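Chain order of the listed sequences is U and Y. Residues 32 to 337 (the numbering used here) are what the first sequence spells out, left to right. Residues 32 to 337 (the numbering used here) are what the second sequence spells out, left to right.
Number of protein chains: 2
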Amino acid sequence: MSFERVAIIGLGLLGGSIGLAVQDYLPGVATTGYDADPATRARARELGLAGTISDTAAEAVSQSDLVIFCVPVGAMAAAAAEVAGSLRPDALVSDVGSSKESVAKALSDALPGAAIIPAHPVAGTEHSGPDAGFASLFRNRWCIITPPEGADPAKVKALSEFWTALGANVELMTAQHHDLVLAVTSHLPHLIAYTIVGTASDLEGVTQGEVIKYSAGGFRDFTRIAASDPTMWRDVFLTNKDAVLEMLQRFSEDLTALQRAIRVGDGDQLFDHFTRTRAIRRSIIELGQDDARPDFGRSDHGGTEP
Amino acid sequence: MSFERVAIIGLGLLGGSIGLAVQDYLPGVATTGYDADPATRARARELGLAGTISDTAAEAVSQSDLVIFCVPVGAMAAAAAEVAGSLRPDALVSDVGSSKESVAKALSDALPGAAIIPAHPVAGTEHSGPDAGFASLFRNRWCIITPPEGADPAKVKALSEFWTALGANVELMTAQHHDLVLAVTSHLPHLIAYTIVGTASDLEGVTQGEVIKYSAGGFRDFTRIAASDPTMWRDVFLTNKDAVLEMLQRFSEDLTALQRAIRVGDGDQLFDHFTRTRAIRRSIIELGQDDARPDFGRSDHGGTEP
Numbered sequence: 032m033s034f035e036r037v038a039i040i041g042l043g044l045l046g047g048s049i050g051l052a053v054q055d056y057l058p059g060v061a062t063t064g065y066d067a068d069p070a071t072r073a074r075a076r077e078l079g080l081a082g083t084i085s086d087t088a089a090e091a092v093s094q095s096d097l098v099i100f101c102v103p104v105g106a107m108a109a110a111a112a113e114v115a116g117s118l119r120p121d122a123l124v125s126d127v128g129s130s131k132e133s134v135a136k137a138l139s140d141a142l143p144g145a146a147i148i149p150a151h152p153v154a155g156t157e158h159s160g161p162d163a164g165f166a167s168l169f170r171n172r173w174c175i176i177t178p179p180e181g182a183d184p185a186k187v188k189a190l191s192e193f194w195t196a197l198g199a200n201v202e203l204m205t206a207q208h209h210d211l212v213l214a215v216t217s218h219l220p221h222l223i224a225y226t227i228v229g230t231a232s233d234l235e236g237v238t239q240g241e242v243i244k245y246s247a248g249g250f251r252d253f254t255r256i257a258a259s260d261p262t263m264w265r266d267v268f269l270t271n272k273d274a275v276l277e278m279l280q281r282f283s284e285d286l287t288a289l290q291r292a293i294r295v296g297d298g299d300q301l302f303d304h305f306t307r308t309r310a311i312r313r314s315i316i317e318l319g320q321d322d323a324r325p326d327f328g329r330s331d332h333g334g335t336e337p
Numbered sequence: 032m033s034f035e036r037v038a039i040i041g042l043g044l045l046g047g048s049i050g051l052a053v054q055d056y057l058p059g060v061a062t063t064g065y066d067a068d069p070a071t072r073a074r075a076r077e078l079g080l081a082g083t084i085s086d087t088a089a090e091a092v093s094q095s096d097l098v099i100f101c102v103p104v105g106a107m108a109a110a111a112a113e114v115a116g117s118l119r120p121d122a123l124v125s126d127v128g129s130s131k132e133s134v135a136k137a138l139s140d141a142l143p144g145a146a147i148i149p150a151h152p153v154a155g156t157e158h159s160g161p162d163a164g165f166a167s168l169f170r171n172r173w174c175i176i177t178p179p180e181g182a183d184p185a186k187v188k189a190l191s192e193f194w195t196a197l198g199a200n201v202e203l204m205t206a207q208h209h210d211l212v213l214a215v216t217s218h219l220p221h222l223i224a225y226t227i228v229g230t231a232s233d234l235e236g237v238t239q240g241e242v243i244k245y246s247a248g249g250f251r252d253f254t255r256i257a258a259s260d261p262t263m264w265r266d267v268f269l270t271n272k273d274a275v276l277e278m279l280q281r282f283s284e285d286l287t288a289l290q291r292a293i294r295v296g297d298g299d300q301l302f303d304h305f306t307r308t309r310a311i312r313r314s315i316i317e318l319g320q321d322d323a324r325p326d327f328g329r330s331d332h333g334g335t336e337p
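And the structure:
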């Protein structure tokens, strides 16, 4: 089983990249795109993000055997409601959201009876909108598929093959476990980065000009992920609240311990901690998820992935 | 006035890069290097990090009119004590430490009567040791010089011209202001990165293998600066304690506010904060201190600079 026509609802960085990737890597598969924003639809037509750009979500999905929602996770319920009643009975419904338990619920509530298998391609850049998409975004990145209990194995297989065709490495896990893993590998780092960039911009003793001028001292790296799409990230934190707050609690405890070590001048504790974290960096490079080159191989693909 | 012979005490990333840069960009200037570690001295000879590698610090400085200490800031006092009595009377003493008030005091205590003008080239990578150095490390990076009150203007000018010759943009400020600016642009980001990498490696629900596997979700960027030299960073936090603790306090307050916004579901507060930080990223790119390309132009130079 494979798909004949894919509908992409939401034509930002992820949706646009899927449209371009399907046209490049699955030329036999038709693509239809829709975005709630008329300006984005117009731009998507100019850029050819999909074979057809429909003016309604219902029209976009009506012929499709795979429907992928690529909207912020907080907008999934409304986007799904727009297509209720227009889906092909055999259609598989999926998404690309960064939190999975809440999206699974939003989609199944809005589309009772539909076959729903959520997914999360762990790929992206700090840029957003229809102009940010590119066909190779998913190559050598992970796509996590979270099949609900009782999901049709044939549909899970077809969705896995779809993402593999776009260049992704597919992994299956429960939505709950996905949300825990991403809370630490993606959501907490983004929240920390958003926080420190805000802190640095609110100082009296140091001008914002100085912060920017000397940002190469380390601050710069944080500003990059703190430039990610505000709507997407607001929704991620609100929809993966429990896991994010749990990770945040642990982080705050660890930060307090290092803060105390600095205050009391416990150099050994600092040295031991910094040595341990250095080893983890080595493992990441050995596993090929980063690169010791100055650009950490980012020139090969899309940069930091939300 | 310019320098005829430069002594480099400490042949790690910074000292080795200065030795290579002087040989490339100031071929008329002689270089003598010393490192307390015999293995590092042997490697420095193989790599040609300086024209001469001396077996004692006293011998290295005896003929030099510029002496640059390139050791961890916690080791400055001991390194300076080793050359007391061996300095040329007209020698200028400087350093490359990341905290400046404490280093200025350590050097002047150990070398009473010597002409001392501390400096901090805001340049480096997460790598360390004699093999990590390269001649172009300082090109287009900032070098902050912190002349003490009453410093000889001719010597300040000569030191500025020295760093300009190595490719750096020179800025003058007080040691106290330097320590405040670097606390936010460099020291706090490194402490946060060290913390989150430690937090992520201590989870029960998520394996370290999963953290590494999905690190491209944002976590990866933090591991890079958390791989910086543990000795250097231990000393930075202990010697710039007050400014770091002040910034840490502000960061913790801001983090608590965002944590509360997540807990109570205040999406507007999150959205407003994330929009503001995005604008700061734009300013950094406009000022040329970072780059919107996936590798943020890191391939042009040395990566994240401590």
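The beta carbon of each residue, even a glycine, is placed where N, CA and C say it ideally should be. Remember, predicted model here, so these are calculated numbers, not experimental data.
Can you find a C-beta in chain U that's less than 8 Å from the C-beta of residue i?
i	result
Y/A109	no
Y/K131	no
Y/F34	no
Y/Q290	yes
Y/I315	yes
Y/P261	yes
Y/I293	yes
Y/F268	yes
Y/F302	yes
Y/L279	yes
Y/E241	yes
Y/V153	yes
Please go through the same chain and pick out, in chain order, the residues whose beta-carbon is closer than 7 Å to the beta-carbon of residue i, but skip the five residues on each side of it.
i	result
Y/L211	A274
Just to make sure I have the definition right: I need the residues of chain U whose C-beta is within less than 8 Å of the C-beta of residue i. Which are they?
i	result
Y/W338	Residue coverage of chain Y in this structure runs from 32 to 337, which leaves residue 338 of chain Y outside it and unanswerable.
Y/L211	G236, V237
Y/T254	T308, I311, R312, I315, D321
Y/L276	Q290, I293, R294
Residues of chain U with a CB under 7 Å from the CB of residue i: which are they?
i	result
Y/I227	L219, P220, I223, F282
Y/D285	T226, G229, T230
Y/L203	Those within 7 Å of Y/L203 in chain U number zero; the least Cβ separation is about 13 Å.
Kindly indicate if chain Y contains any beta-carbon less than 8 Å away from that of residue i.
i	result
U/P58	no
U/A231	yes
U/L44	no
U/T335	For U/T335, the pLDDT reaches just 37, beneath the cut-off of 50, and the residue's location in the model is therefore unreliable, although a value from the coordinates is still provided. For U/T335, the answer is yes, since a Cβ of chain Y falls inside 8 Å of its Cβ.
U/K186	no
U/G298	yes
U/L168	no
U/A257	yes
U/S48	no
Within 10 angstroms of the Cβ of residue i, are there 16 or more other Cβ atoms? Answer buried if so, exposed if not.
i	result
Y/A257	buried
U/D266	buried
Y/Q280	exposed
U/V104	buried
U/P58	exposed
U/R312	buried
U/I49	buried
U/R255	buried
U/V295	exposed
U/G41	buried
U/A52	buried
U/A310	exposed
U/D341	Since the first residue shown for chain U is 32 and the last is 337, residue 341 of chain U is missing from the structure and cannot be characterised.
U/S33	exposed
Going along the chain, which residues of its own chain have a beta-carbon closer than 6 Å to the beta-carbon of residue i, five neighbours each way excluded?
i	result
U/I147	V124, L138, S139
Y/P178	I148, V187
U/A38	T63, A91, V92, S95, V98
Y/E35	D96
Name, please, each residue of chain Y whose Cβ falls closer than 7 Å to the Cβ of residue i.
i	result
U/W264	F305
U/K136	Here the premise fails: no neighbours, minimum Cβ distance about 16 Å.
Output, in chain order, the set of chain Y residues within a Cβ distance shorter than 8 Å of residue i.
i	result
U/V102	Under the 8 Å cutoff, chain Y gives no residues; its nearest Cβ is about 15 Å from U/V102.
Which same chain residues end up closer than 8 Å to residue i when comparing Cβ atoms and leaving out the 5 residues on each side of it in sequence?
i	result
Y/F268	H218, L222, V275
Could you list which residues in chain Y have their beta carbon closer than 9 Å to that of residue i, in chain order?
i	result
U/F250	V215, T216, S217, L219, P220, I315
Measure the beta-carbon distance from residue i to residue j and round it to whole angstroms, keeping in mind my assumption that it falls under 8 Å.
i	j	result
Y/A141	Y/A111	4 Å
Y/G155	Y/L78	Not really, about 18 Å apart at Cβ, beyond 8 Å.
Y/S129	U/I243	With 8 Å as the limit, Y/S129 and U/I243 do not qualify as a contact, their Cβ atoms being about 19 Å apart.
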